[in-house]
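Those letters in the sequence shown? Residues -18 to -1, 1 to 220, by mature numbering (1 follows the signal peptide of the UniProt record, and there is no 0). What follows is a single structure, written as C-alpha coordinates, with notes after it.
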Amino acid sequence: MRWVVALCLMLSPLAGQSACRQALALGLDVSASIDNGEFELQMKGLAKAILAPEVQDAFLVAPEAPVRLYIYIWAGQGGTFTILPWTEISDQADLIEVANVLNSYTRQRRSSHTALGEAMRFGRNVLKTQNGCWRLTLDISGDGKSNFGISPSYLRGSSSLTGVTINALAVGQEYTFLLGGRDTENEDLVNYFAMNVIQGPDAFVEVAVGFPVFEEAMKRKLLQELRFFYIGSLGEEP
(Lines of atoms letter the chains of each structure in order from A and count residues from 1; the text may use other names and numbers.)
(Lines give C-alpha, C1' and ligand atoms only; values in the text may rest on other atoms or scores of the structure.)
Protein backbone atom coordinates (compact mmCIF):
# COMPACT_ATOMS: atom_id res chain seq x y z
CA MET A 1 0.00 0.00 0.00
CA ARG A 2 1.12 3.54 -0.68
CA TRP A 3 0.73 6.13 2.09
CA VAL A 4 0.58 9.90 1.93
CA VAL A 5 2.36 11.73 4.72
CA ALA A 6 0.18 14.37 6.36
CA LEU A 7 0.53 17.96 5.16
CA CYS A 8 1.81 19.05 8.54
CA LEU A 9 4.92 16.97 7.90
CA MET A 10 5.56 18.27 4.42
CA LEU A 11 5.02 21.89 5.41
CA SER A 12 7.05 21.73 8.61
CA PRO A 13 9.98 24.17 8.74
CA LEU A 14 12.12 21.21 9.79
CA ALA A 15 11.27 19.22 6.67
CA GLY A 16 14.38 17.99 4.92
CA GLN A 17 16.46 18.09 8.08
CA SER A 18 17.49 15.09 10.16
CA ALA A 19 14.58 14.99 12.58
CA CYS A 20 11.91 12.73 13.96
CA ARG A 21 8.24 13.33 13.36
CA GLN A 22 7.27 12.20 16.88
CA ALA A 23 8.93 11.37 20.18
CA LEU A 24 6.64 8.87 21.92
CA ALA A 25 7.22 7.89 25.57
CA LEU A 26 5.18 5.01 27.01
CA GLY A 27 4.77 4.78 30.80
CA LEU A 28 3.46 1.48 32.21
CA ASP A 29 1.95 1.11 35.69
CA VAL A 30 3.58 -1.64 37.79
CA SER A 31 2.28 -0.64 41.23
CA ALA A 32 1.14 -3.20 43.82
CA SER A 33 -2.43 -3.23 42.51
CA ILE A 34 -1.11 -5.07 39.46
CA ASP A 35 -0.29 -8.72 40.16
CA ASN A 36 2.35 -10.72 38.29
CA GLY A 37 -0.16 -12.19 35.86
CA GLU A 38 -1.45 -8.73 34.97
CA PHE A 39 2.13 -7.50 34.63
CA GLU A 40 2.78 -10.22 32.04
CA LEU A 41 -0.42 -9.37 30.17
CA GLN A 42 0.65 -5.74 30.07
CA MET A 43 4.19 -6.36 28.82
CA LYS A 44 3.31 -9.04 26.29
CA GLY A 45 0.22 -7.13 25.25
CA LEU A 46 2.29 -4.06 24.40
CA ALA A 47 4.79 -6.23 22.52
CA LYS A 48 2.01 -7.80 20.44
CA ALA A 49 0.37 -4.44 19.81
CA ILE A 50 3.64 -2.99 18.50
CA LEU A 51 4.04 -5.92 16.10
CA ALA A 52 0.48 -5.75 14.77
CA PRO A 53 0.75 -5.12 10.99
CA GLU A 54 -1.34 -1.94 11.10
CA VAL A 55 0.69 -0.53 13.98
CA GLN A 56 3.95 -1.32 12.19
CA ASP A 57 2.61 0.52 9.15
CA ALA A 58 1.79 3.53 11.33
CA PHE A 59 5.29 3.60 12.82
CA LEU A 60 7.03 3.19 9.46
CA VAL A 61 4.84 5.38 7.25
CA ALA A 62 7.52 8.09 6.86
CA PRO A 63 11.00 6.52 7.10
CA GLU A 64 12.61 9.86 6.26
CA ALA A 65 11.23 11.20 9.55
CA PRO A 66 11.03 8.26 11.97
CA VAL A 67 9.38 7.96 15.37
CA ARG A 68 11.58 7.81 18.47
CA LEU A 69 10.28 5.45 21.15
CA TYR A 70 10.98 5.30 24.89
CA ILE A 71 9.39 2.89 27.39
CA TYR A 72 9.47 3.06 31.18
CA ILE A 73 7.66 1.55 34.15
CA TRP A 74 6.34 3.50 37.11
CA ALA A 75 4.84 2.90 40.55
CA GLY A 76 5.62 4.83 43.76
CA GLN A 77 8.01 7.74 44.17
CA GLY A 78 11.47 6.61 43.09
CA GLY A 79 9.93 3.57 41.41
CA THR A 80 10.36 4.73 37.83
CA PHE A 81 12.74 2.72 35.64
CA THR A 82 13.66 2.73 31.97
CA ILE A 83 12.93 -0.43 29.99
CA LEU A 84 13.81 0.92 26.56
CA PRO A 85 15.98 4.04 26.14
CA TRP A 86 15.26 6.36 23.23
CA THR A 87 15.24 4.20 20.11
CA GLU A 88 14.71 5.39 16.55
CA ILE A 89 12.17 3.19 14.77
CA SER A 90 13.46 3.00 11.21
CA ASP A 91 12.34 -0.47 10.10
CA GLN A 92 10.57 -3.66 11.14
CA ALA A 93 13.73 -5.01 12.77
CA ASP A 94 13.64 -2.12 15.25
CA LEU A 95 10.06 -2.98 16.23
CA ILE A 96 10.93 -6.65 16.64
CA GLU A 97 13.79 -5.69 18.94
CA VAL A 98 11.45 -3.53 21.03
CA ALA A 99 9.05 -6.47 21.36
CA ASN A 100 11.92 -8.74 22.41
CA VAL A 101 12.92 -6.30 25.14
CA LEU A 102 9.35 -6.23 26.46
CA ASN A 103 8.90 -9.99 26.32
CA SER A 104 12.13 -10.65 28.20
CA TYR A 105 11.70 -8.01 30.91
CA THR A 106 11.45 -9.41 34.45
CA ARG A 107 9.58 -7.59 37.19
CA GLN A 108 11.97 -6.38 39.86
CA ARG A 109 9.76 -5.29 42.76
CA ARG A 110 6.32 -3.98 43.60
CA SER A 111 5.51 -0.64 45.20
CA SER A 112 2.45 -0.07 47.36
CA HIS A 113 2.09 3.49 46.06
CA THR A 114 0.70 4.92 42.83
CA ALA A 115 2.65 8.09 42.07
CA LEU A 116 0.97 9.07 38.81
CA GLY A 117 2.18 12.67 39.00
CA GLU A 118 5.77 11.47 39.35
CA ALA A 119 5.28 9.23 36.31
CA MET A 120 4.04 12.22 34.31
CA ARG A 121 6.98 14.36 35.43
CA PHE A 122 9.45 11.63 34.49
CA GLY A 123 7.86 11.28 31.05
CA ARG A 124 7.93 15.03 30.53
CA ASN A 125 11.64 15.17 31.41
CA VAL A 126 12.66 12.44 28.97
CA LEU A 127 10.54 13.97 26.20
CA LYS A 128 12.13 17.39 26.65
CA THR A 129 15.51 15.86 25.70
CA GLN A 130 14.27 15.11 22.19
CA ASN A 131 15.22 18.18 20.23
CA GLY A 132 14.10 18.36 16.62
CA CYS A 133 11.00 16.19 17.02
CA TRP A 134 7.87 17.67 15.53
CA ARG A 135 5.62 16.30 18.24
CA LEU A 136 6.15 15.16 21.84
CA THR A 137 3.67 12.57 23.12
CA LEU A 138 3.43 10.93 26.53
CA ASP A 139 1.37 7.74 26.73
CA ILE A 140 0.49 6.86 30.35
CA SER A 141 -1.19 3.56 31.32
CA GLY A 142 -2.64 2.96 34.77
CA ASP A 143 -5.28 1.04 36.70
CA GLY A 144 -5.93 3.50 39.52
CA LYS A 145 -5.79 7.02 40.87
CA SER A 146 -2.66 8.68 42.21
CA ASN A 147 -2.20 8.26 45.97
CA PHE A 148 1.33 9.54 46.51
CA GLY A 149 3.59 12.41 45.49
CA ILE A 150 2.84 15.39 43.28
CA SER A 151 -0.75 15.75 42.11
CA PRO A 152 -1.30 14.91 38.43
CA SER A 153 -3.72 17.83 38.11
CA TYR A 154 -1.11 20.26 39.44
CA LEU A 155 1.49 19.05 36.97
CA ARG A 156 -1.03 18.99 34.14
CA GLY A 157 -1.59 22.71 34.47
CA SER A 158 2.08 23.69 34.62
CA SER A 159 3.92 25.56 31.89
CA SER A 160 6.61 22.86 31.93
CA LEU A 161 4.27 20.66 29.89
CA THR A 162 3.93 23.18 27.08
CA GLY A 163 4.33 21.35 23.80
CA VAL A 164 3.69 17.91 25.31
CA THR A 165 0.52 15.94 24.56
CA ILE A 166 -0.44 13.44 27.26
CA ASN A 167 -2.77 10.55 26.45
CA ALA A 168 -3.93 7.87 28.87
CA LEU A 169 -4.91 4.23 28.86
CA ALA A 170 -7.22 3.58 31.80
CA VAL A 171 -7.21 -0.10 32.76
CA GLY A 172 -10.52 -0.82 34.48
CA GLN A 173 -11.86 -3.88 36.24
CA GLU A 174 -13.23 -6.87 34.33
CA TYR A 175 -15.97 -7.40 36.89
CA THR A 176 -17.58 -4.41 38.56
CA PHE A 177 -20.84 -3.68 40.33
CA LEU A 178 -23.38 -2.12 38.00
CA LEU A 179 -25.44 0.72 39.44
CA GLY A 180 -28.57 1.40 37.45
CA GLY A 181 -27.08 -0.52 34.54
CA ARG A 182 -23.95 1.66 34.52
CA ASP A 183 -20.37 0.60 35.18
CA THR A 184 -19.76 3.48 37.56
CA GLU A 185 -16.41 2.22 38.89
CA ASN A 186 -14.74 2.12 35.49
CA GLU A 187 -16.46 5.34 34.43
CA ASP A 188 -15.01 7.04 37.49
CA LEU A 189 -11.47 5.94 36.54
CA VAL A 190 -11.87 7.15 32.96
CA ASN A 191 -13.20 10.50 34.17
CA TYR A 192 -10.28 10.81 36.59
CA PHE A 193 -7.75 10.42 33.79
CA ALA A 194 -9.73 12.79 31.57
CA MET A 195 -9.87 15.52 34.23
CA ASN A 196 -6.44 15.13 35.82
CA VAL A 197 -4.00 13.59 33.35
CA ILE A 198 -4.57 14.13 29.64
CA GLN A 199 -3.63 17.43 28.05
CA GLY A 200 -2.63 18.95 24.75
CA PRO A 201 -4.05 18.92 21.21
CA ASP A 202 -6.28 15.91 20.47
CA ALA A 203 -5.49 14.31 23.86
CA PHE A 204 -7.68 11.32 24.69
CA VAL A 205 -8.32 8.46 27.12
CA GLU A 206 -8.38 4.89 25.79
CA VAL A 207 -10.01 2.17 27.93
CA ALA A 208 -9.14 -1.47 28.61
CA VAL A 209 -11.76 -3.27 30.68
CA GLY A 210 -9.26 -5.56 32.38
CA PHE A 211 -5.71 -6.60 31.49
CA PRO A 212 -6.81 -9.50 29.23
CA VAL A 213 -7.83 -6.88 26.65
CA PHE A 214 -4.83 -4.60 27.23
CA GLU A 215 -3.30 -5.62 23.89
CA GLU A 216 -6.32 -4.53 21.84
CA ALA A 217 -6.69 -1.29 23.79
CA MET A 218 -3.01 -0.45 23.33
CA LYS A 219 -3.27 -1.20 19.63
CA ARG A 220 -6.15 1.24 19.29
CA LYS A 221 -4.25 3.80 21.31
CA LEU A 222 -1.07 3.59 19.25
CA LEU A 223 -3.01 3.82 16.00
CA GLN A 224 -4.81 6.94 17.19
CA GLU A 225 -1.59 8.55 18.44
CA LEU A 226 0.29 7.84 15.23
CA ARG A 227 -2.48 8.40 12.69
CA PHE A 228 -2.01 12.18 12.89
CA PHE A 229 0.99 11.69 10.67
CA TYR A 230 -0.60 10.02 7.68
CA ILE A 231 -3.73 10.45 5.64
CA GLY A 232 -4.39 6.99 4.29
CA SER A 233 -4.13 4.58 1.45
CA LEU A 234 -4.19 5.60 -2.19
CA GLY A 235 -4.34 2.04 -3.46
CA GLU A 236 -1.89 -0.64 -4.50
CA GLU A 237 1.62 0.19 -5.58
CA PRO A 238 2.11 -0.30 -9.33
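The C-beta atom is built at its ideal place from N, Cα and C for all residues, glycine as well. Predicted model, so just to flag it, every value in this text is computed and none were measured.
In the structure shown, the three-state DSSP call for G60 is coil.
Around the Cβ of T88, a 10 Å sphere holds fewer than 16 other Cβ atoms; the residue is exposed. In the DSSP annotation of this structure, the continuous segment of the beta strand (DSSP E) that includes Q4 starts and ends at Q4 to D11.
Between C2 and E70, the C-beta spacing is below 8 Å. Cα atoms of G60 and D39: separation of roughly 36 Å, rounded to the nearest angstrom. When only Cα atoms are considered, Y174 and D125 end up about 11 Å apart. A contact is defined here as three or more CB-CB pairs under 8 Å, and the region 128 to 136 fails this definition with respect to the region 108 to 118. According to the DSSP secondary-structure assignment, N149 is paired through a beta bridge with D121. Nearest to F21 by alpha-carbon distance, out of R103, N85 and A7, is N85. Under the 8 Å Cβ criterion, the region 18 to 37 does not count as touching the region 134 to 141, having fewer than three qualifying pairs. Remark: C-beta atoms of V83 and I55 do not approach each other more closely than 8 Å.
V49 places its beta carbon less than 8 Å from that of L6.
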